[in-house]
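Just below is one structure, and these are the notes that go with it.
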Amino acid sequence: MEKSYKTFLILLLFLFSLIVPMPSLEITKTNITTDEAALLALKTSITSDPFQMLAKNWTSGTSVCSWIGISCGARHRRVVALDISNMGLTGQLPPHISNLTFLASLNIANNSLNGDFSKSFVNLRRLRVLELSMNNFGGRIPSSIGTLPKLEILSLGNNRFSEFIPPAIFNISTLELISLSQNNISGNLPPYMCQKLPRLWGLFLSENQITGELPPSMSNCSALELVSLSIFHGSIPKEIGNLKRLQQLYLGLNMLTDLHGYKSILTLDLSSNRLFGSIPKGIGNLTTLKELYLSFKELTGEIPEEVGSLDQLKIIESPYNSLYGAIPIGLFNISSLNTIGLIHNKLSGTLPTNFELQFNKFSGSIPKSMGNLRELEWLNLQNNYLTKESSTPELDLIDSLTNCNNLRELYVGQNPLNATLPQSIGNLSVDRIYLVFSENELTGQIPTTIGGLKQLQRLYLQENKLKGPFPSALCELTNLGILSMGSNKISGSIPKCIGNVPSLREIDLRENRLSSTIPESLWNLKDVLKLNLSHNSFIGSLSSEISSLRAIIELDLSNNLLSGKFLGGMGDLLTLTYLSISHNGINGSIPDMFVKLVALEHLDLSSNNLSGMLPKSIEKLKFLTFFNVSSNELGGQIPEGFLRNFRAQKDRNRVDPSLEVDTSKISYLELRQATNGFNEENLIGAGGFGSVYKATLSNREVYAVKVFHSQHEGAFTSFERECEVLRNIRHRNIAKVITPVVHCDLKPSNVLIDSDMVGHVTDFGISRLLGDNESFLHTITLATIGYMAPEYGTDGLVSTKCDVYSFGIMLLEVFTRKKPSDEMFNEGSSLRSWVSDAASGSLFEVIDTTILQPDDEFSNKKLPAAYAIIELGLNCSLESQVRRPNMNEALATLKKIKHDLI
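Each residue of the sequence shown is one higher than the last, beginning at 1 in UniProt numbering.
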């Protein structure tokens, strides 16, 4: 097969030579030599290469076109792109760069280069992209840049350039982006600056020392979409209001002396400047404004009444300032307004009728007129000092919000409401997803009408004074994923119907007055991740049905009246990391079954009636960081191996405080610069709803940025779902950014390996997000043949078991080094069938020889692990999705294999 492949390749090259004329060998060698000499001169001028990127890769013994950061043209084999950005290099740009006469793109951003480069671009007549941002270049910007006739992108931001901008730059008619922000450039802008820039869409000059007024000729830059300016004087010329494409304007407050006449400005962003003082009244002249973002640093004063005249405004955000006084009443008469972000200010007075106002100091009552906001989608009033409006005990806010048919999320936690929940709670929007009433001093019973909220996914009622029985109406919430009612006074027993809510993932009933036995139906909620029944009065023994909790991660049954012995079924909880059964009446010995719980990190069996010897097998629990068996009748010694593992694990989990990072806000401008204007060279991948780009910020942190195709009718739905995932997902092996997320296209090329050999799942699209109530859904087929589950390809049926199937095929591929699309697999065979047939005989017939060979000195230890891996791959890729394990079970199996191997 190898011979035929080589023959085919030779034939292909021969045919290609007939189609594409080849340059002479002598000319090719000369040109390559010229380019190589220029690049080696650049390498010589680099005084520091901390990652040895050029030192180890740019060597004369290899082809220039294979060097890191180098791209060559397919036909003439000359260097067309040079990208050595983000390498931490120190040094200078030599004049030899000008010998790269075929160069179209030069990117050296985010290094520490400096010096004079005025002669480096003299002959680069083909150059289209010049990216020198985030370096240490200083002095005057070379006028030689103005001789580059095809230049489209000029990015020199975040350097030390000074003096004026060379006028010749404004004569390059091909320019689309000029980015000179964060320098020390001074002087005035030339009055004719836009007479020869018909294609310019981005102009970024902020954080410089440019003075004077903006020239009226800016109106000739008819393609302008984004403008970022600061440190200017005077008013903005009225002519700029004629820029019909201008959508986003980033300004300093000193510019806002005469804002009027704008016909198309949609977004005004002042959050990137070092702003002080109050919000100017002139902002009311921007009559087309839809989005207003103000600095989150040092703004003071009151919000001007003129803001209420912006009748097309959809978003206003001014977080983390020192604004005080009342919110202008006119702001709440803007019917298009859907987001007000004023968190962490000093606003006071009575609450307006219209929203995100959490973490402020609002007091008084929540007005009933809140219900007049018919288009309200979410309301967040958490962490204030708000109360109910009427003198009746019921929370009248609920009555008023029944008019808001689009309201999906309601957060009123951490307010002293001191009220009861009304029966009208069942009349809230049918699309209700989240209800948060935690720490509200609620009293009375939970209304039975709450069962009418059929779409409710999360219910938080913890830290209140609710009493009465556990309402069976909660069993009607068949989409409920999180039920949090801890720290109340709920009494009686848990109804058996709780088992009718299979969507439950987290249940918190701690610190109540619940009694009787724990219903058997509770243990049938096989997908529950967290269950906390602590600090109640439950009686009886542990049920053998507890083994059904196959996905459980945290289980807390402490401080109850449970009795009896440990049952073997608890050893089946392979995903368990936290287990507490302390302060009960459990008797008998500690069984060896705990050794199966290989993922266990917290184990508390204290204050029971346990007896006998502490089993030596616990030393196999290598991830334990908390272990308590005090106040029992146990004897013997603590196994030495356990103590050693315990100390080692605590050392591994110790976090260096210097590694903690704070979250930050990133503007569209920063993202555009970080992706080189969403350049195709930064493109990581593309899907049906958008494209993903690599972005490197000024602090050298690397992110993946997804740009949605807004013209696609499904893009906004996809965006909402992906935001939902990113808001909830927290996992070290997912490129971050749940209810089950179904990747739908899991394969080796979508798993990235970092420098520590840790895998990261990428390229979701987030393809399919299953709600807590969904076990499967139907969709069109998008997955890759060979990795696609049978039910996905034939019926379009998607579930988490589809990813299990793909994972199984991926395991088989990794350990056999055979792709499922290999030509050896014809219509009658497949990778799985081939492995399955061989596994019943000798594994050496299929296993990758680089992993395992018959004469391997460690084969006796590696062979059982290899068999177990292959068996797991075959089980995961079973045709019947019912017979496949879930990923929690697969993970537990892998951990066990690793444990046995090590």
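Ideal Cβ placement from N, Cα and C applies to all residues, glycine included.
Query, Result
"In its own chain, which residues sit with a C-beta less than 6 Å from the C-beta of alanine 81, not counting the 5 before and 5 after it?", "Ser71 and Ser105"
"Assuming contact is defined by CB atoms lying nearer than 8 Å, are asparagine 587 and asparagine 560 in contact in what I supplied?", "no"
"I'd like to know whether the C-beta atoms of serine 493 and lysine 467 end up nearer to each other than 8 Å.", "no"
"Between which two residues does the alpha helix (DSSP H) containing leucine 459 stretch?", "Premise fails: leucine 459 lies in the beta strand (DSSP E), 458 to 460, not in any alpha helix (DSSP H)."
"By the 10 Å Cβ neighbour count, where 16 or more other Cβ atoms means buried, how is asparagine 135 classified, buried or exposed?", "buried"
"Determine the closest residue to valine 814 out of Leu852, Leu624 and Ser611, with distance taken between C-alpha atoms.", "Leu852"
"Which two residues bound the contiguous alpha helix (DSSP H) that contains asparagine 888?", "887 to 901"
"Excluding five sequence neighbours on each side, which residues of the same chain lie with their C-beta closer than 6 Å to the C-beta of alanine 868?", "Ile897"
"Just list the alpha helix (DSSP H) runs in the stretch 430 to 504, keeping only unbroken ones of 4 residues or longer that don't cross its boundaries, in chain order.", "none"
"Measuring CB atoms only, is the stretch 569 to 580 touching the stretch 610 to 620, in the sense that at least three cross pairs come out at less than 8 Å?", "no"
"Measuring straight from C-alpha to C-alpha, what distance separates leucine 557 and isoleucine 809?", "39 Å"
"Going by the beta-carbon positions, is the gap between arginine 832 and leucine 874 smaller than 8 Å?", "yes"
"I'd like the ranges of any alpha helix (DSSP H) spanning at least 4 consecutive residues and lying wholly in the stretch 585 to 646.", "none"
"Going by the DSSP bridge assignment, what does leucine 156 pair with across the sheet?", "For leucine 156, which the question treats as bridged, DSSP gives no partner whatsoever."
"Check for me: the alpha helix (DSSP H) holding tyrosine 192 runs from which residue to which?", "Note, tyrosine 192: premise wrong, no alpha helix (DSSP H); not H, not E."
"When DSSP builds the beta bridges, which residues end up paired with glutamine 248?", "Leu226 and Thr267"
"How many Å lie between glutamate 633 and glycine 540 at the Cα?", "21 Å"
"Do asparagine 479 and leucine 461 count as a contact pair if the criterion is CB distance below 8 Å?", "no"
"Skipping 5 residues on each side, what residues in its chain have a beta carbon closer than 6 Å to that of lysine 596?", "Gly571"
"Return the Cβ separation of serine 230 and glutamate 207 in integer angstroms, given the expectation that the two are a contact with Cβ distance under 8 Å.", "6 Å"
"Taking 8 Å as the CB-CB cut-off, is asparagine 512 touching chain D?", "Of the protein chains in this structure there is only one, and it is not chain D."
"To the nearest angstrom, how far is it from the Cα of arginine 78 to the Cα of isoleucine 32?", "6 Å"
"Confirm, please, whether the CB-CB distance from leucine 180 to leucine 205 is below 8 Å.", "yes"
"Relative to the alpha-carbon of leucine 376, which residue among Glu545, Leu401 and Phe627 has its alpha-carbon at the smallest distance?", "Leu401"
"Run through DSSP, which three-state label would glutamine 52 get?", "coil"
"Just mark methionine 485 as buried or exposed, buried being the case when its beta carbon has 16 or more other beta carbons within 10 Å.", "buried"
"In terms of alpha-carbon separation, which member of Leu310, Glu152, Gly364 and Asn360 lies closest to proline 328?", "Leu310"
"May I ask you to report which of helix, strand or coil DSSP gives lysine 119?", "coil"
"Ends of the alpha helix (DSSP H) at phenylalanine 807?", "800 to 816"
"From which residue to which residue does the beta strand (DSSP E) around leucine 130 run?", "129 to 131"
"If you count every other CB in all the chains shown that lies within 10 Å of the CB of isoleucine 68, and 16 or more means buried, which is it?", "exposed"
"Glutamate 713 to glycine 690, Cα distance in whole Å?", "With a pLDDT of 49 at glutamate 713, under the threshold of 50, the predicted position of this residue should be treated as unreliable, though the coordinate-derived value follows. Cα to Cα, glutamate 713 sits roughly 12 Å from glycine 690."
"First and last residue of the alpha helix (DSSP H) that includes aspartate 396?", "396 to 401"
"If you run the structure through DSSP and keep just helix, strand and coil, what is alanine 38?", "helix"
"Could you tell me the distance, in whole angstroms, from the CA atom of leucine 39 to the CA atom of isoleucine 97?", "7 Å"
"Using the beta-carbon count (16 or more within 10 Å), is asparagine 653 buried or exposed?", "The predicted position of asparagine 653 is uncertain, since its pLDDT is 49 and thus under 50; no value can be drawn from it."
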